[in-house]
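Asks:
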Amino acid sequence: MIDFAPLSLFAVYSAMAVYTVAFLFFTWDLAKRSASTPALVMANGEASPPSPSSANSAPTATGYQRIGISLMALGFAFHVFATVSRGLAASRVPWANMFEFGLTATTLIVAVFLGSLLWRDLRYLGAFVSGFVLLALGIVTVNFYVDVVPLPPALQSGWLVIHVFVASLATSFFALAAGLSILQLVRARLEAHEMAKARLMKTIPASSVLEALAYRLNVVGFVLWTFTLIAGAIWAERAWGRYWGWDTKEVWTFVIWVLFAGYVHARATRGWRGSRSAWLGIIGFGAVLFNYTVVNIAFTGLHSYSGL
Amino acid sequence: MEPLRPSDFDDGTPAPAPQMPALGVAGWGRFAWRQLTSMRTALFLLLLLAIAAIPGSLVPQRSSDPNGVLAWKRDDPELFEILDRFQLFDSFSSIWFSSIYLLLFISLIGCILPRTQHHLKALRQPPPAIPQRLERLEHFERKEVPGDPAGLSELAETVVKQRGYRIAREDDGVSGERGYLRETANLVFHFALVGILVALGLGTGYKYQGQRVIIEGQTFTNQLTSYDTFNPGRFFSESSLEPYSLTLRSFTPTYQFDVTTGRTNPLDFAAAIGVTEPDSLSETLLRVNEPLDVQGTSIYLLGNGFAPWITVTSSSGEVVFSQPVPFLPQDANLTSLGVVKIPDGLETQLGMIGFFYPSAIELDTGALTSVYPEPDKPVLTLNVFEGDLGLNEGIPRNVYSLDTSTLTQITGGDTGQDSLVLALGEKAELPGGRASVEFSELRRFISVDIHRDPTQIPVALCAGLIMLGLVVSLFITRRRVWIRVVGAKGSTSMVEFAALARGDDPGLARELKDLVANFSQEAESRMKQR
Numbered sequence: 001m002i003d004f005a006p007l008s009l010f011a012v013y014s015a016m017a018v019y020t021v022a023f024l025f026f027t028w029d030l031a032k033r034s035a036s037t038p039a040l041v042m043a044n045g046e047a048s049p050p051s052p053s054s055a056n057s058a059p060t061a062t063g064y065q066r067i068g069i070s071l072m073a074l075g076f077a078f079h080v081f082a083t084v085s086r087g088l089a090a091s092r093v094p095w096a097n098m099f100e101f102g103l104t105a106t107t108l109i110v111a112v113f114l115g116s117l118l119w120r121d122l123r124y125l126g127a128f129v130s131g132f133v134l135l136a137l138g139i140v141t142v143n144f145y146v147d148v149v150p151l152p153p154a155l156q157s158g159w160l161v162i163h164v165f166v167a168s169l170a171t172s173f174f175a176l177a178a179g180l181s182i183l184q185l186v187r188a189r190l191e192a193h194e195m196a197k198a199r200l201m202k203t204i205p206a207s208s209v210l211e212a213l214a215y216r217l218n219v220v221g222f223v224l225w226t227f228t229l230i231a232g233a234i235w236a237e238r239a240w241g242r243y244w245g246w247d248t249k250e251v252w253t254f255v256i257w258v259l260f261a262g263y264v265h266a267r268a269t270r271g272w273r274g275s276r277s278a279w280l281g282i283i284g285f286g287a288v289l290f291n292y293t294v295v296n297i298a299f300t301g302l303h304s305y306s307g308l
Numbered sequence: 309m310e311p312l313r314p315s316d317f318d319d320g321t322p323a324p325a326p327q328m329p330a331l332g333v334a335g336w337g338r339f340a341w342r343q344l345t346s347m348r349t350a351l352f353l354l355l356l357l358a359i360a361a362i363p364g365s366l367v368p369q370r371s372s373d374p375n376g377v378l379a380w381k382r383d384d385p386e387l388f389e390i391l392d393r394f395q396l397f398d399s400f401s402s403i404w405f406s407s408i409y410l411l412l413f414i415s416l417i418g419c420i421l422p423r424t425q426h427h428l429k430a431l432r433q434p435p436p437a438i439p440q441r442l443e444r445l446e447h448f449e450r451k452e453v454p455g456d457p458a459g460l461s462e463l464a465e466t467v468v469k470q471r472g473y474r475i476a477r478e479d480d481g482v483s484g485e486r487g488y489l490r491e492t493a494n495l496v497f498h499f500a501l502v503g504i505l506v507a508l509g510l511g512t513g514y515k516y517q518g519q520r521v522i523i524e525g526q527t528f529t530n531q532l533t534s535y536d537t538f539n540p541g542r543f544f545s546e547s548s549l550e551p552y553s554l555t556l557r558s559f560t561p562t563y564q565f566d567v568t569t570g571r572t573n574p575l576d577f578a579a580a581i582g583v584t585e586p587d588s589l590s591e592t593l594l595r596v597n598e599p600l601d602v603q604g605t606s607i608y609l610l611g612n613g614f615a616p617w618i619t620v621t622s623s624s625g626e627v628v629f630s631q632p633v634p635f636l637p638q639d640a641n642l643t644s645l646g647v648v649k650i651p652d653g654l655e656t657q658l659g660m661i662g663f664f665y666p667s668a669i670e671l672d673t674g675a676l677t678s679v680y681p682e683p684d685k686p687v688l689t690l691n692v693f694e695g696d697l698g699l700n701e702g703i704p705r706n707v708y709s710l711d712t713s714t715l716t717q718i719t720g721g722d723t724g725q726d727s728l729v730l731a732l733g734e735k736a737e738l739p740g741g742r743a744s745v746e747f748s749e750l751r752r753f754i755s756v757d758i759h760r761d762p763t764q765i766p767v768a769l770c771a772g773l774i775m776l777g778l779v780v781s782l783f784i785t786r787r788r789v790w791i792r793v794v795g796a797k798g799s800t801s802m803v804e805f806a807a808l809a810r811g812d813d814p815g816l817a818r819e820l821k822d823l824v825a826n827f828s829q830e831a832e833s834r835m836k837q838r
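Chains as they are written, first to last, in my numbering: chain F, 1 to 308; chain D, 309 to 838.
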């Protein structure tokens with residue numbers, strides 16, 4: 001039988017190498033754009049985003065961006081191979097310990113990013129996504145790597161497949177939305193100061209457009225997170241004998257849910273639309289990252305499956 | 309009719325002029341109520357709730373980690389005292405946490421009740437009249453369409469209705485509105501949240517939860533005295549315990565030894581259980597992740613270990629103690645710690661503390677350790693104490709601990725006598741011929757958790773509604789469309805189309821385009837048919 005574990009690791013490193021090059025192209029593209037005068041200024045606060053057909057020929061699509069996206073797709077192929085072969089090596093779903101969550105969640109971030117390109121032109125997020133995924137993959141592989149071990153009885157449940165996968169998927173939507181919210185904040189600041197010189201920022205959509213996009217992604221993430229919470233409660237009832245017990249991981253899952261519930265309300269509250277709700281979204285994603293890293297490693301609780 | 313929203317609701321349209329409350333007590337009351345039920349207050353309370361939950365993850369909680377709380381108390385009694393005064397070890401039932409979520413729920417109820425009333429009214433009313441000047445709307449189109457005004461106006465009704473809108477017919481056109489389900493689902497979501505709180509409030513009092521260790525061959529009967537520990541809800545009564553009993557036939561773990569890491573990984577734990585109910589008897593398997601349901605209670609497999617059968621015989625040959633004693637696992641290879649107490653039958657009471665090693669090997673230091681969780685080479689070591697065990701004072705004592713401060717050690721430690729080291733089936737004499745101790749048999753035990761939780765079903769139901777309400781309310785949009793025939797021009801007429809949505813609706817432009825295309829097509833085909 002083929003030993004898939006080293007193959008998977010090799011694919012992880014290959015994906016990282018390709019993402020690095022993609023990141024360089026995306027940042028080079030940004031640098032070029034800030035240096036040259038853009039062909040089109042999308043500074044009007046128009047609310048209707050470009051349709052898919054016009055997105056392909058949008059003036060923001062530079063050659064560097066196209067190369068970057070192609071490289072992202074190539075890296076994604078390696079990435080998917082790494083995740084799938086990890087699953088084959090363990091003969092189960094590849095998300096049963098911290099390294100594996102990280103691997104799967106980063107795969108999903110890239111998947112959601114590439115998938116969202118069919119929906120809207122978000123290529124300006126390329127640098128953020130490739131940079132974030134590269135960093136996350138590096139940290140996960142270097143610090144959290146563990147060898148394949150069989151599932152302990154507590155994890156042997158169909159809910160592992162559903163609960164953890166949906167949590168990873170929610171994370172990837174929150175990640176993209178956070179990227180958009182960060183851009184939105186920067187863009188809003190430039191709009192406020194009418195910085196005509198900041199050409200870079202004028203090549204990305206207006207802050208109100210970014211806000212609407214971030215909201216859509218966060219809403220999908222929020223629905224998935226709600227499902228994660230409920231599925232987790234059902235599993236906890238099966239495995240631990242209670243559906244909710246304020247275990248540290250449960251506390252943070254709750255905190256994140258409430259933060260994003262707050263975000264959804266903030267978007268509909270006078271005085272909170274715009275930058276304030278963007279901050280809430282970013283803080284929410286920060287809490288997601290905290291929940292994955294610090295809570296897993298430093299806090300004691302029932303979710304002690306990091307494998308570290 | 310627009311869905312009712314708090315005064316500071318913002319969907320991206322300009323704010324209405326602020327309304328000043330009337331003076332007087334009623335006015336101020338209304339003002340306070342409006343503040344409490346406003347979006348801003350709800351948002352503030354939500355964020356406060358998120359922040360208030362955090363300490364509960366930083367400090368151990370009595371509900372989820374009682375041992376962690378005890379360790380805190382021991383390590384830093386002064387800080388413990390201060391934190392305990394602020395209920396930080398019971399965060400989630402504390403006054404401050406409760407007041408935040410109760411305020412939040414009052415604000416929520418205050419918001420959704422009037423909204424429900426308003427929505428029920430809106431459901432019975434036709435969509436509002438066609439606006440005077442449609443061309444002022446952002447999504448507007450004017451088109452020349454074949455047909456006479458009366459026929460087209462009638463066609464408009466058919467087309468708009470077919471597209472799923474509720475309609476109000478007027479002389480010169482039609483007004484349509486759809487997406488009422490959005491508000492319905494939104495209200496369902498919020499009511500389900502309230503439902504969870506109500507279910508918890510009503511059901512928690514009837515809960516109970518107990519733990520019990522069952523040794524192979526033993527039978528547990530569901531009655532209060534059978535439990536090792538028991539936590540009843542406020543309204544629990546002993547007579548409400550379901551009549552059944554559980555017998556542990558055998559327990560079978562499956563392990564895998566990882567050659568590269570030297571670690572042992574558990575693969576499966578399965579307990580064969582006989583369940584006796586008043587009118588039936590059944591055999592079943594209890595596993596992790598697969599609780600048993602017996603008469604509305606759930607039985608969970610939480611732990612397992614070994615219970616060496618220890619037989620103590622007095623110098624006169626009388627058996628004074630003979631039973632399996634559960635030893636509590638201390639590590640992954642089931643090195644286990646246990647206590648034996650022999651209050652009767654000997655001249656002085658005897659107490660023993662010892663370790664059990666399922667697969668014992670001797671380390672270089674001479675100490676024993678277990679290298680595998682299966683009983684490949686079971687060894688029992690015991691330190692023996694004599695004296696008053698303190699069992700006759702009526703104070704409940706933990707069966708898993710032995711207070712040696714008032715006892716005299718007779719084997720192990722500094723006594724000059726070796727600890728007892730017994731392989732399975734071996735027997736040893738205590739110094740001075742006091743008694744003999746035999747490790748006569750090895751059994752396994754499981755620890756089970758038995759719960760009755762009447763909140764489960766209503767909470768699960770509400771969770772389902774929450775999910776459903778959320779998905780529907782976030783992905784359905786409320787839209788209005790209008791078609792008006794403005795004038796005839798020979799065999800054609802001029803028709804105006806417009807669409808409007810509240811809040812984000814990226815698909816609105818497309819909806820209008822489709823409507824216009826749909827309508828023109830129908831009009832043309834009608835023309836041809838004539």
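Here a beta-carbon is modelled for each residue, glycine too, at the ideal position from N, C-alpha and C.
1) Determine whether the Cβ of Thr226/F lies closer than 9 Å to any Cβ atom of chain D.
2) In the DSSP assignment, what residue or residues form a beta bridge with Phe753/D?
3) For Phe101/F, which residues does DSSP report across the bridge?
4) Does Phe222/F come within less than 9 Å of chain D when only Cβ atoms are used?
5) Name the two residues that bound the continuous beta strand (DSSP E) containing Ser276/D.
6) Measuring only the C-alpha atoms, how far is Glu670/D from Val679/D?
7) Check whether chain D comes within 9 Å of Ile282/F, counting only Cβ atoms and requiring the distance to be less than that.
8) Is Arg216/F close to chain D? Criterion is C-beta to C-beta, closer than 9 Å.
9) Taking one C-beta from the segment 602-618 of chain D and one from the segment 574-587 of chain D each time, how about it: are there three or more such pairs within less than 8 Å?
10) The segment 155-170 of chain F: which residues have C-beta closer than 7 Å to a C-beta of chain D, in chain order?
11) Output needed for Gly138/F: all residues of its chain with C-beta closer than 8 Å, excluding positions within five of it in sequence on either side, in chain order.
12) Who are the near neighbours of Asn44/F in its chain, counting only those whose CB is closer than 6 Å to its CB and skipping five residues on each side?
13) Looking at chain D, which residues of the segment 121-153 of chain F have a Cβ within less than 9 Å of any of its Cβ atoms?
14) Smallest Cα separation from Thr262/D: which of Leu289/F, Thr269/F, Phe285/F?
15) Please go through the same chain and pick out, in chain order, the residues whose beta-carbon is closer than 7 Å to the beta-carbon of Val627/D, but skip the five residues on each side of it.
16) Where do the N-terminal and C-terminal ends of the alpha helix (DSSP H) with Pro385/D fall, by residue?
17) Can you tell which of Pro683/D, Asn700/D, Val687/D, Ser709/D has its C-alpha closest to the C-alpha of Phe693/D?
18) First and last residue of the alpha helix (DSSP H) that includes Arg818/D?
19) What's the C-alpha gap between Val793/D and Asp813/D?
20) Could you work out which residue in Ala360/D, Thr714/D, Glu485/D is closest to Ser406/D when comparing CA atoms only?
21) Applying the 10 Å Cβ sphere with the 16-neighbour rule, what's the burial state of Phe4/F?
22) Applying a beta-carbon distance threshold of less than 8 Å, which residues of chain F neighbour Leu421/D?
23) Between Thr269/F and chain D, is the shortest Cβ-Cβ distance under 9 Å, so that the two count as touching?
24) For Gly518/D versus Ile758/D, is the C-beta distance shorter than 9 Å?
25) Just the chain D side, please: which residues come within less than 8 Å of Asp247/F by C-beta, in chain order?
26) Tell me which residue opens and which closes the beta strand (DSSP E) that Ile581/D is part of.
27) Does any residue of chain F have a CB that is nearer than 9 Å to the CB of Glu598/D?
28) Roughly how many angstroms lie between the CA atoms of Arg477/D and Pro435/D, to the nearest whole one?
29) Give the interface partners of Ser606/D over in chain F, defined as CB-CB distance under 7 Å, in chain order.
30) Using a Cβ cut-off of 9 Å, pull out every chain D residue sitting near Glu100/F, in sequence order please.
31) What's the C-alpha gap between Thr800/D and Leu460/D?
32) Taking 6 Å as the limit between beta carbons, can you name the residues of its chain near Lys515/D, skipping five residues before and five after?
33) Can you find the residues in the same chain that come closer than 6 Å, C-beta to C-beta, to Gly376/D, ignoring five residues on each side of it along the sequence?
34) I'd like to know if Pro814/D contacts chain F, where contact means its C-beta is closer than 9 Å to some C-beta of that chain.
35) Do we get a CB-CB distance below 9 Å when we pair Arg273/F with the residues of chain D?
36) Counting only beta-carbon separations shorter than 9 Å, does Thr293/F have a partner in chain D?
Replies: On the basis of the data shown:
1) Position 226 of the first sequence, counted from the start, is the residue given in the question as residue 226/F. Yes, because at least one Cβ of chain D sits closer than 9 Å to the Cβ of Thr226/F.
2) What you label residue 753/D is simply residue 445 of the second sequence in a count that begins at 1. The partner list for Phe753/D (beta bridge, DSSP) reads Ile523/D, Gly613/D.
3) The residue you call residue 101/F lines up with position 101 of the first sequence. The partner list for Phe101/F (beta bridge, DSSP) is empty, contrary to what the question assumes.
4) By one-based count along the first sequence, residue 222/F stands at place 222. Judged by the 9 Å Cβ criterion, Phe222/F is in contact with chain D.
5) Given a span of 309 to 838 for chain D in the structure shown, any question on residue 276/D remains unanswerable.
6) Within the second sequence, residue 670/D is the residue found at index 362, counting from 1. Within the second sequence, residue 679/D is the residue found at index 371, counting from 1. Taking the straight line from one Cα to the other gives about 10 Å.
7) Reading the first sequence from its first residue, position 282 is the one you call residue 282/F. Closer than 9 Å: no.
8) The sequence position of residue 216/F within the first sequence is 216, counting from 1. Closer than 9 Å to some Cβ of chain D, the Cβ of Arg216/F qualifies, so yes.
9) yes
10) Gln156, Ser157
11) Start at 1 with the first residue of the first sequence, and residue 138/F comes out as number 138. Counting only Cβ-Cβ distances below 8 Å, and skipping sequence neighbours, we find Met16.
12) On the first sequence, position 44 is the one that residue 44/F refers to. Only weak support exists for where Asn44/F lies, its pLDDT of 43 falling under 50; the value from the coordinates is given anyway. No residues qualify anywhere along the chain.
13) Asp147, Val149, Pro150, Leu151, Pro152, Pro153
14) Absent from the structure is residue 262/D, since the part of chain D shown begins at 309 and ends at 838.
15) Taking the second sequence and counting its residues from 1, the one referred to as residue 627/D is at position 319. Excluding positions up to five away in sequence, the list reads Thr619, Thr621.
16) Translated into the one-based positions of the second sequence, residue 385/D becomes position 77. 385-393 is the span of the alpha helix (DSSP H), which, as asked, contains Pro385/D.
17) Here residue 693/D refers to the residue found at position 385 of the second sequence. Nearest option by C-alpha distance: Ser709/D.
18) The residue labelled residue 818/D in the question sits at position 510 within the second sequence. Looking at the DSSP string, the run of the alpha helix (DSSP H) that includes Arg818/D is 816-837.
19) Taking the second sequence and counting its residues from 1, one reaches residue 793/D at position 485. Taking the second sequence and counting its residues from 1, one reaches residue 813/D at position 505. Straight-line Cα distance between these residues: approximately 26 Å.
20) Against the second sequence, residue 406/D aligns to sequence position 98. Per the Cα distances, Ala360/D.
21) As a first step, residue 4/F is located in the first sequence; it is residue number 4 there, counting from the start. Under this definition Phe4/F is a buried residue.
22) Here residue 421/D corresponds to residue number 113 of the second sequence, with the count starting at 1. Near Leu421/D there are no residues of chain F at all, since even the closest Cβ is about 18 Å away, more than 8 Å.
23) By one-based count along the first sequence, residue 269/F stands at place 269. It does; some Cβ of chain D falls within 9 Å.
24) By one-based count along the second sequence, residue 518/D stands at place 210. By one-based count along the second sequence, residue 758/D stands at place 450. A contact, by the Cβ cut-off of 9 Å.
25) For the purposes of this step, residue 247/F is taken as the residue at position 247 of the first sequence. Those are Ser372, listed as they occur along chain D.
26) Your numbering for residue 581/D matches position 273 in the second sequence. That run of the beta strand (DSSP E) goes 572-585.
27) Against the second sequence, residue 598/D aligns to sequence position 290. Chain F contact via Cβ: present.
28) For the purposes of this step, residue 477/D is taken as residue 169 along the second sequence, with counting starting at 1. For the purposes of this step, residue 435/D is taken as residue 127 along the second sequence, with counting starting at 1. The straight-line gap from Cα to Cα measures roughly 9 Å.
29) Indexing the second sequence from 1 puts residue 606/D at position 298. In chain order: Gly241.
30) Stepping through the first sequence from its first residue, residue 100/F is reached at position 100. Per Cβ cutoff of 9 Å: no residues; Glu100/F is ~16 Å from chain D at best.
31) Stepping through the second sequence from its first residue, residue 800/D is reached at position 492. Stepping through the second sequence from its first residue, residue 460/D is reached at position 152. Cα to Cα, the separation comes out at about 10 Å.
32) Working through the second sequence from its first residue, we reach residue 515/D at position 207. Gly541, Asp761, listed in sequence order.
33) Your numbering for residue 376/D matches position 68 in the second sequence. So the list reads Pro368, once near-sequence residues are dropped.
34) Translated into positions along the second sequence, residue 814/D becomes position 506. True, the Cβ-Cβ gap to chain F drops below 9 Å.
35) For the purposes of this step, residue 273/F is taken as residue 273 along the first sequence, with counting starting at 1. At least one chain D Cβ lies under 9 Å of Arg273/F.
36) Position 293 of the first sequence, counted from the start, is the residue given in the question as residue 293/F. Chain D, which has no Cβ nearer than 9 Å to the Cβ of Thr293/F, makes this no.
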